[in-house]
Amino acid sequence: MRSALTYLSRPDLFGELAGLKGQFYAVIDEQVKSHLPDWILSAPGVYWIKTPESEKNLQTYEKAIQFFLHQGITRTSSIVAIGGGATTDLGGFIAATILRGISWIAVPTTLLAMVDGSIGGKVAVNLPQGKNLVGAFHMPEQIFICRDFLQTLSESEFESGKGEILKYGFLSKAVHSLILKNAPMDVIAHECAEFKIQIADKDFKEQGERIQLNLGHTLGHAFESTLKISHGLAVAMGMKYLFKILHDQKALQEWEKMVAALGFPEEKLKLSTYPHFNVEMFKNYLSVDKKKSDQLLRLVLVKEIGTHIVQTITFRELIDKIEAYDEFNR
Ligand SMILES: NC(=O)c1ccc[n+]([C@@H]2O[C@H](COP(=O)([O-])OP(=O)(O)OC[C@H]3O[C@@H](n4cnc5c(N)ncnc54)[C@H](O)[C@@H]3O)[C@@H](O)[C@H]2O)c1
29 MRSALTYLSR PDLFGELAGL KGQFYAVIDE QVKSHLPDWI LSAPGVYWIK
79 TPESEKNLQT YEKAIQFFLH QGITRTSSIV AIGGGATTDL GGFIAATILR
129 GISWIAVPTT LLAMVDGSIG GKVAVNLPQG KNLVGAFHMP EQIFICRDFL
179 QTLSESEFES GKGEILKYGF LSKAVHSLIL KNAPMDVIAH ECAEFKIQIA
229 DKDFKEQGER IQLNLGHTLG HAFESTLKIS HGLAVAMGMK YLFKILHDQK
279 ALQEWEKMVA ALGFPEEKLK LSTYPHFNVE MFKNYLSVDK KKSDQLLRLV
329 LVKEIGTHIV QTITFRELID KIEAYDEFNR
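Counting along the sequence shown from 1, when you hit position 98 you're at 126 in our numbering, and nothing is skipped either side.
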């Protein structure tokens with residue numbers, strides 16, 4: 029099933045959602061309250077999220093399920109998830125499992141969620157051992173993108189979104205060319221969202237080409253967890269250090285060109301900027317990363333812009349490369 033991706037103004041968005049009034053069940057990030065109409069602010073079926081990434085867990089999941097059941101949710105209801113990627117992951121996972129699965133609508137409110145997090149139907153919560161370790165594949169019926177939400181987004185969250193956009197710059201020639209042409213951000217973001225929706229549509233359960241969307245994520249998740257930085261910044265670092273430990277100069281040069289064109293502060297993407305970085309914690313995180321199976325890792329690499337390759341290496345080989353690379357072992 030392909031989700032419908034619709035771009036809407038604020039009045040049109042809330043006009044669409046008003047169709048659910050009376051049966052409005054939603055998981056909403058409190059940070060976007062200033063954008064919401066009164067009827068949503070006072071709707072009884074809203075489960076509010078204060079700190080999305082730290083509430084993207086099984087405890088919140090269970091509380092929200094109890095809440096919706098108490099509110100009278102049924103198999104024909106839908107859940108609306110309004111927020112960044114952490115909120116859409118949580119809301120989508122609740123929808124995937126409550127009453128054996130009901131439909132859901134994603135309303136992404138961060139740049140990252142508009143280009144990636146809310147698209148494609150991979151939904152999950154985190155465990156203490158790692159990110160997204162419990163989840164499902166459950167396509168949203170609709171993805172409503174309203175760029176007005178971005179007016180309140182902080183600079184650092186914009187940067188995070190740019191991290192995933194950088195990833196698409198390697199995977200899609202069209203995105204690469206828009207980035208290097210300094211096209212307006214909404215044009216680039218639109219192209220990224222369309223690219224992801226096509227890939228997810230062709231390979232919903234990640235049996236084949238969808239794996240390319242994990243570019244930068246193996247090291248990225250480990251950076252995110254150990255450095256406590258945003259997801260997109262971590263993915264951008266994940267790509268850079270992957271190319272570095274594999275001595276892929278060509279990809280590294282493209283990375284540098286796109287980082288400059290996107291106006292990324294390069295300083296934030298250097299390991300030396302983070303004196304608290306602990307390589308043992310980093311390696312330990314990698315050892316429980318869900319992409320490791322039977323000690324083998326499938327790393328996504330870039331053959332050329334628009335063409336990825338998957339290299340299978342052992343977990344030990346990856347650790348050896350990290351240990352051999354100076355910057356990790358200051
Ligand atoms: N399912 C997928 O395919 C997929 C893909 C990429 C990322 N993700 C997940 O997405 C999450 C990262 O997404 P994110 O960066 O959107 O994180 P997030 O949901 O944690 O949002 C980031 C911050 O922005 C705030 N925020 C949200 N919308 C806002 C707005 N309009 N104005 C002001 N503040 C706002 C949030 O409260 C939060 O503090 C991670 O959990 C990651 O695992 C999922």
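Every residue gets a Cβ at the ideal spot worked out from N, C-alpha and C, and that includes glycine.
This one's a predicted model, so the numbers in the text were calculated from it and none came from an experiment.
Distance, residue j Cα to residue i Cα
| i | j | result |
| --- | --- | --- |
| F356 | M309 | 12 Å |
| Q339 | K195 | 17 Å |
| Y75 | V151 | 17 Å |
| M267 | D276 | 11 Å |
| D330 | I193 | Rather than Asp, the amino acid found at residue 330 in this sequence is Val. Rounded to the nearest angstrom, the two C-alpha atoms are 15 Å apart. |
| F95 | T301 | 43 Å |
| G384 | I107 | The requested residue 384 is not part of the displayed model; the chain covers only 29 to 358. |
| A92 | Y353 | 44 Å |
| L274 | K349 | 8 Å |
| W67 | G260 | 33 Å |
| Q59 | L243 | 29 Å |
| E187 | F292 | 7 Å |
Spatial neighbours of residue i in its chain, beta-carbon cut-off 6 Å, leaving aside the 5 residues before and after
| i | result |
| --- | --- |
| E44 | none |
| K159 | H249 |
Same chain, Cβ closer than 8 Å to residue i, neighbours up to 5 away in sequence not counted
| i | result |
| --- | --- |
| N210 | A289 |
| L324 | T340, I341, T342 and F343 |
| I347 | K311 and L314 |
| A217 | L139, M142, V143, G189 and I193 |
Within 9 Å, strictly: CB atoms of residue i and residue j
| i | j | result |
| --- | --- | --- |
| S377 | I130 | The displayed coordinates of the chain run from 29 to 358. Any statement about residue 377 would go beyond what the structure contains. |
| T138 | V55 | no |
| W132 | A109 | yes |
| S200 | E183 | no |
| D176 | S37 | yes |
| F52 | G73 | yes |
| M142 | A228 | no |
Cutoff 7 Å; reference residue i; Cβ partners in own chain excluding five residues on either side
| i | result |
| --- | --- |
| W283 | M267, K268 and F271 |
| T88 | L118 |
| Q99 | Y53, P72 and G73 |
| F251 | I257, A262, M265 and G266 |
Quick check: the segment 242-257 against the segment 168-179, are there 3 or more CB pairs under 8 Å? no
At 3 residues or longer, and completely inside the segment 84-165: list those beta strand (DSSP E) runs for me, N to C. 106-111, 131-136, 150-155 and 158-165
Which ranges would you report for the beta strand (DSSP E) in the segment 271-310 if only whole runs of at least 3 residues count? none
Please give me, in chain order, every unbroken run of the alpha helix (DSSP H) with length at least 4 that falls completely inside the segment 38-70. 38-46 and 66-69
Please give the ranges of any alpha helix (DSSP H) in the segment 201-226, keeping only runs that are unbroken, at least 4 residues long and fully inside the region. 201-208
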